[in-house]
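Numbering (my numbering), first residue to last: 1 to 171.
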């Protein structure tokens, strides 16, 4: 983020392996700390999955883009059912007011009731064949998912409420 000191708006662009456009939407940069770069995605933000129809998000999310890790996180405000939604991705890359990464299917979700879910394992298995994931990508995605299950499940930083400071700046 050092290269974007005067940028406040950011375009968040997830792609699938091979480059196909996936979820994409706008956000507003809040700042950075030891965990990475934080952005707000306010309720009412319009997102698209690829070139699909627009979807309006009802609740605010605080997103975290770590500097050198294979994931991105959304910390959702109530009443969203998922408290934390973490996508296993390639390392986020910043360029010209945009942060982009490859979505590697696996998601770690902590619901408001405390349940911890590893989602989309079937999609991950299917895409390994369909999209031709290289072995090192599969290994990294699986290792990241295991690490996230532990970190999110045991509320280890940044999944220990670190987002609350950033959320407070938006209200």
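Beta carbons: idealized from backbone N, C-alpha and C, even for Gly. All figures in this text were calculated on a predicted structure; none of them were measured in a lab.
Run the CB neighbour count on residue 134, radius 10 Å, all protein chains shown included, and call it buried at 16 or more, exposed below.
Only exposed fits residue 134, as fewer than 16 other CB atoms lie within 10 angstroms of its CB.
Identified DSSP bridge partners for residue 27:
According to DSSP, which records beta bridges pairwise, residue 27 is partnered with 10.
With distances taken from CA atoms, which of 93, 106, 27 and 120 is nearest residue 62?
Considering only alpha carbons, the answer is 27.
Residue 151, enclosing beta strand (DSSP E) - first and last residue:
From DSSP, residue 151 is part of no beta strand (DSSP E) but of the alpha helix (DSSP H) over 135-153.
Opposing strand residues paired with residue 93 [DSSP bridges]
Looking at the DSSP assignment, residue 93 forms a beta bridge with 100.
Rounded distance between the beta-carbons of residue 101 and residue 91, thought under 8 Å
Rounded, the Cβ-Cβ distance is 7 Å, consistent with contact.
Supposed contact pair residue 21 and residue 51 - C-beta distance, whole angstroms, cut 8 Å
About 7 Å separates the two Cβ atoms, so the contact holds.
Less than 8 Å between the CB atoms is what I'm expecting for residue 35 and residue 66, so what's the real figure, rounded?
A Cβ-Cβ distance of about 6 Å is found for the pair residue 35 and residue 66, placing them in contact under the 8 Å criterion.
Quick check on residue 107: buried or exposed, where buried means 16 or more other Cβ atoms within 10 Å of its Cβ?
Counting Cβ neighbours within 10 Å, residue 107 comes out buried, since at least 16 surround it.
Starting from residue 122 and walking both ways along the alpha helix (DSSP H), at which residues does that stretch end?
121-130 is the extent of the alpha helix (DSSP H) around residue 122.
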